[in-house]
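**Q** Submitted below is the structure of interest, expressed as structure tokens.
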Amino acid sequence: MVKYKPELKVQIVNEYLSTSQSAYVLSEKYQISRRRIAEWIQRYRLNGIDAFKPRRHKRTFTTDFKLSVIDYYQTHEDSMAEVAARFDVLAAQISVWRSQFERDGITALKSHPKGRPSKMKHTKKQARQLANKSELDRLKEELAKKNQELYDTKLERDLLKKSLSLFGPSKPERKPK
1 MVKYKPELKV
11 QIVNEYLSTS
21 QSAYVLSEKY
31 QISRRRIAEW
41 IQRYRLNGID
51 AFKPRRHKRT
61 FTTDFKLSVI
71 DYYQTHEDSM
81 AEVAARFDVL
91 AAQISVWRSQ
101 FERDGITALK
111 SHPKGRPSKM
121 KHTKKQARQL
131 ANKSELDRLK
141 EELAKKNQEL
151 YDTKLERDLL
161 KKSLSLFGPS
171 KPERKPK
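Heads up: the sequence shown runs through residues 1 to 177, numbered per the UniProt record's numbering.
The structure is reproduced here in structure tokens:
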């Protein structure tokens, strides 16, 4: 997708408004689609010159905002592009929100945590609690864990021995020639 500078957008919109040239003539002159020029004109009429300023940060939208956009789109006879220009979001984003809302309800519009879940076993709170315990209590807990691991290992070993005695080795032994 081609990105256009805000100065070019303002120049084309001003030319459209001042010289009364059609979007078709401007699209031929600048080699930009009529739909895009019409979108810029609409954004300018709704939000003024601020519609063309680049954003510095990624925007996040609240659930209430998403619901209000969907509600506005469904209750008014505006096209999705007009609603997108009015609320200063992308038309595709409104379509995604609407389909998510229809499929999964309001829970789909809520923000979700980003990234992969942590694989660390101890959180900071648990580490602080371990540090606060006395040394003797900590050692007792460690000993109990080790004893449990040893018991589990012995149990597994005994189970394997029993299965070998009942069923024999898993691979047939090769006979010497």
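For each residue, glycine too, the CB sits at the ideal point set by N, CA and C.
Just so we're clear, the structure is a prediction, and the values are computed from it rather than from any experiment.
Straight-line CA distance for S79 to R45?
**A** 16 Å
**Q** Just the Cα atoms here: how many angstroms apart are Q148 and R128?
**A** In this structure, the straight-line span from the alpha carbon of Q148 to that of R128 is close to 24 Å.
**Q** Tell whether a beta-carbon distance below 9 Å holds between A85 and R43.
**A** yes
**Q** Could you work out which residue in E82, K133, D88 is closest to K53 when comparing CA atoms only?
**A** D88
**Q** Following the continuous alpha helix (DSSP H) through F61, name the residue where it begins and the one where it ends.
**A** Neither: F61 is in no alpha helix (DSSP H) and is coded neither H nor E.
**Q** Would you call the CB atoms of I133 and E141 closer than 9 Å?
**A** Residue 133 is actually Lys in this sequence, not Ile. Yes, these two residues count as a Cβ contact at 9 Å.
**Q** By the 10 Å Cβ neighbour count, where 16 or more other Cβ atoms means buried, how is Y73 classified, buried or exposed?
**A** buried
**Q** Over the uninterrupted alpha helix (DSSP H) stretch that includes R98, give me the two end residues.
**A** 91 to 104
**Q** Taking all protein chains shown into account, do 16 or more other C-beta atoms lie within 10 angstroms of the C-beta of A144, making it buried, or fewer, making it exposed?
**A** exposed
**Q** Is it the case that the stretch 54 to 74 contacts the stretch 92 to 103, given that we only count it when at least three CB pairs across the two stretches are under 8 Å?
**A** yes
**Q** What is the rounded straight-line gap between the Cα of Y24 and the Cα of E39?
**A** Y24 and E39: Cα-Cα distance of roughly 13 Å.
**Q** In this structure, how does DSSP classify Y73 when only helix, strand and coil are distinguished?
**A** Here Y73 sits in helix by DSSP.
**Q** From which residue to which residue does the alpha helix (DSSP H) around I49 run?
**A** That residue, I49, is in no alpha helix (DSSP H); it is neither H nor E in DSSP.
**Q** Straight-line CA distance for L8 to V83?
**A** Answer to the nearest angstrom: the Cα atoms are 24 Å apart.
**Q** Considering P54, what are the terminal residues of the alpha helix (DSSP H) in which it resides?
**A** Unbroken run through P54: none, as it is neither H nor E.
**Q** Mind checking which residues open and close the alpha helix (DSSP H) that includes D158?
**A** 135 to 167
**Q** Tell me which residues share the same chain as E77 and place their Cβ nearer than 8 Å to its Cβ, disregarding the 5 neighbours each side in the sequence.
**A** none
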